[in-house]
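*Asks:*
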Amino acid sequence: MSQIIEMSKKLKHASYGLSEASSKDKNEALREVALSLDRNRSHILSQNSNDIKAAEEIGMKESLIDRLMLNDERIDGMIKGILQIVELEDPIWRSNKVWTLENGLIINRMTVPLGVIGIIYESRPNVTVDAFSLAFKSSNCVILRGSSSALNSNIALVKAIKEGLKRSNISEDVIFLIDDADRKLVKEMLTLNEYIDVIIPRGGNDLIRFVIDNATIPTIETGVGNCHIYVDNTGKFDMALKIIENAKVQRPGVCNACESILIHKDIASDFLPLLHKLIGDRVELRGCAETLELIDIMEANEADWFEEYLDYKLAVKIVNNIEEAISHINKYGTKHSEAIITENYSNANLFLRRIDAAAVYVNASTRFTDGSEFGFGGEIGISTQKIHARGPMGLNELVTTKYTILGNGQYRE
1 MSQIIEMSKK
11 LKHASYGLSE
21 ASSKDKNEAL
31 REVALSLDRN
41 RSHILSQNSN
51 DIKAAEEIGM
61 KESLIDRLML
71 NDERIDGMIK
81 GILQIVELED
91 PIWRSNKVWT
101 LENGLIINRM
111 TVPLGVIGII
121 YESRPNVTVD
131 AFSLAFKSSN
141 CVILRGSSSA
151 LNSNIALVKA
161 IKEGLKRSNI
171 SEDVIFLIDD
181 ADRKLVKEML
191 TLNEYIDVII
201 PRGGNDLIRF
211 VIDNATIPTI
221 ETGVGNCHIY
231 VDNTGKFDMA
241 LKIIENAKVQ
251 RPGVCNACES
261 ILIHKDIASD
271 FLPLLHKLIG
281 DRVELRGCAE
291 TLELIDIMEA
301 NEADWFEEYL
311 DYKLAVKIVN
321 NIEEAISHIN
331 KYGTKHSEAI
341 ITENYSNANL
351 FLRRIDAAAV
361 YVNASTRFTD
371 GSEFGFGGEI
381 GISTQKIHAR
391 GPMGLNELVT
401 TKYTILGNGQ
411 YRE
């Protein structure tokens with residue numbers, strides 16, 4: 001029996017016990033995990049430094065190194081996220097509807113854990129803590145497979161998590177990290193339907209396609225983020241410039257960063273030079289033919305409209321009207337996060353209704369599509385599909401439904 005099968009069996013067994021754990025016990029365990037992360041801070045940062053050095057040696061681009069990097073502020077953020085989750089309502093065993101049939105049967109629809117969640121993710125070691133904390137609070141066990149680039153960081157984080165669990169009343173067998181970079185192990189994991197209830201891939205398009213193509217387990221697809229900002233002809237320039245700068249420059253390597261902007265033709269000649277002046281020395285702009293007549297930048301090709309750069313690059317296109325902007329976004333976008341900058345109420349509502357995405361913004365940065373920002377205490381991923389969950393996946397997205405039926409001898413005629 002392989003190690004993954006053996007550990008998956010343990011997780012499945014542990015999931016039954018975890019579903020019976022009280023909210024008090026789970027919250028106390030999460031507090032212990034938060035304390036353990038703080039106690040192990042130096043070791044975690046040391047191991048992360050080893051990952052960063054290895055990434056730099058192979059020439060990993062700066063924006064991806066930023067995703068990989070941990071520091072005191074980010075560890076503080078992990079701890080804060082755990083403590084936020086402690087304060088949230090336990091999502092399981094909640095009745096959301098109870099009714100009585102004419103024959104006297106009492107039907108109760110309630111929330112229950114998914115069971116064992118397999119999470120496959122790239123680069124960002126904070127996902128290790130977010131995924132565990134959310135899964136644990138919702139009484140789910142997790143099997144984690146991070147990227148090889150973050151292996152040392154993830155091992156240190158899981159060690160700290162297990163140390164915290166040992167100080168609680170709950171078994172440390174609720175979490176398992178695959179610490180082998182062999183992709184064959186991922187393929188094996190993706191077929192363990194008997195033990196793993198759902199797979200959540202979190203990363204780039206290649207990873208997500210690999211999981212979807214190879215998984216026999218139900219999969220929740222999380223998002224590649226080809227996010228757009230459309231500046232309408234009534235949009236305030238100062239607002240638009242600040243939002244675009246934030247959405248592109250703050251953290252270009254994350255999935256809610258802006259990758260393309262669309263500019264209404266009526267304002268393009270005034271707006272684009274301002275944008276070029278603001279970010280042109282930090283961001284490689286790639287524009288349509290009309291854009292090239294107004295500012296001196298690289299020419300965009302068809303591939304640029306599809307691209308999730310995860311880098312200091314931004315595609316720019318001039319459009320005739322809001323209808324063209326909506327059509328472009330729905331064609332090239334990845335159903336993640338899209339924004340409009342406008343003072344026109346009708347256009348704002350049209351954009352909100354017609355854009356096919358998990359999160360649609362009016363006069364705000366796409367960078368807010370995040371479980372912590374939404375008040376979820378973190379996220380296990382941002383789902384871009386429409387079945388089961390959509391958008392940032394917090395506690396309430398990590399449960400399913402069970403019907404309990406109470407009878408008194410009824411049978412069907």
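The opening position of the sequence shown corresponds to residue 1 in the UniProt record's numbering, with each subsequent residue numbered one higher. Don't be surprised by glycine CBs; every beta carbon is placed ideally from N, CA and C. If you're wondering where the values come from, they're calculated on a predicted model, not measured in any experiment.
(1) State the beta-bridge partners of SER337 as determined by DSSP.
(2) Three or more C-beta pairs under 8 Å: does that hold for the region 50-65 against the region 134-154?
(3) Per DSSP, which one or two residues make a beta bridge with THR404?
(4) Out of LYS26, ARG412, GLU307 and ILE4, state which residue places its alpha-carbon closest to the alpha-carbon of GLY164.
(5) Going by C-alpha to C-alpha distance, which of VAL86, ASN246 and GLN3 sits closest to PHE136?
(6) Apart from the five residues on each side of it in sequence, which residues of its chain come closer than 6 Å, Cβ to Cβ, to ILE106?
(7) Taking the straight line between their C-alpha atoms, what separation do you get for ASP266 and LYS402?
(8) Give the single residue among ARG367, LEU314, LYS242 and HIS328 whose Cα lies nearest to the Cα of ALA257.
(9) Decide if SER147 is buried, meaning its Cβ has at least 16 other Cβ atoms within 10 Å, or exposed.
(10) For PHE176, which beta-bridge partners are listed by DSSP?
(11) I need the boundaries of the alpha helix (DSSP H) containing THR291, first residue and last residue.
(12) Let me check one thing: in DSSP terms, what residues is SER260 bridge-paired to?
(13) Between the region 233-251 and the region 262-277, do three or more beta carbon pairs fall short of 8 Å?
(14) Take every Cβ of the region 3-15, pair it with every Cβ of the region 194-203, and state whether three or more of those distances are shorter than 8 Å.
(15) DSSP three-state call for MET239: helix, strand or coil?
(16) Do the region 221-233 and the region 335-343 touch if we need at least three Cβ pairs shorter than 8 Å?
(17) Beta strand (DSSP E) containing VAL97: first to last residue?
(18) Per DSSP, SER383 is paired with what?
(19) Taking the continuous beta strand (DSSP E) assigned at ARG202, which residues delimit it?
(20) Would you report the Cα separation of LEU292 and ILE329, rounded to the nearest angstrom?
(21) Quick check: the region 37-47 against the region 68-83, are there 3 or more CB pairs under 8 Å?
(22) Are three or more beta carbon pairs between the region 168-175 and the region 125-141 nearer than 8 Å?
(23) Count the other C-beta atoms from every protein chain shown that fall within 10 angstroms of the C-beta of LEU352, then say buried if there are 16 or more, exposed otherwise.
(24) Please report the straight-line C-alpha distance between VAL249 and ILE65, rounded to a whole angstrom.
(25) Tell me the residue span of the alpha helix (DSSP H) that contains TYR16.
(26) Are the CB atoms of GLU302 and GLY287 within a distance shorter than 8 Å?
(27) Is the region 378-385 touching the region 118-132 in the sense that three or more CB pairs, one from each, lie closer than 8 Å?
(28) Output yes or no for whether 8 Å exceeds the beta carbon distance between ASN96 and GLY115.
(29) Which value, in whole angstroms, describes the spacing of the CA atoms of LEU18 and VAL231?
(30) What's the C-alpha gap between GLU350 and THR342?
*Replies:* Answer, in terms of the structure:
(1) ALA359
(2) yes
(3) ASN108
(4) LYS26
(5) Ranked by how close their Cα comes to the Cα of PHE136, the residues VAL86, ASN246 and GLN3 have VAL86 in first place.
(6) Correct list, in chain order: THR100 and LEU406.
(7) 55 Å
(8) It is ARG367 whose Cα lies nearest to the Cα of ALA257.
(9) buried
(10) According to DSSP, which records beta bridges pairwise, PHE176 is partnered with ILE143.
(11) 289-292
(12) According to DSSP, residue pairing for SER260 in a beta bridge involves HIS228 and ALA315.
(13) yes
(14) yes
(15) Residue state, collapsed to three classes: helix.
(16) The region 221-233 vs the region 335-343: in contact.
(17) With the sequence shown as reference, residue 97 is identified as Lys, and Val is not the correct amino acid for it. From DSSP, the beta strand (DSSP E) with LYS97 extends over 95-100.
(18) THR222 and GLY391
(19) 198-202
(20) Each residue's Cα considered, the two are about 21 Å apart.
(21) Yes: the two stretches touch, three or more of their Cβ pairs being nearer than 8 Å.
(22) yes
(23) exposed
(24) 15 Å
(25) Run containing TYR16: 3-18, per the alpha helix (DSSP H) assignment.
(26) For GLY287 and GLU302, no; Cβs fall outside 8 Å.
(27) yes
(28) no
(29) 49 Å
(30) In the sequence as displayed, the identity of residue 350 is Leu instead of Glu. Rounded to the nearest angstrom, the two C-alpha atoms are 11 Å apart.
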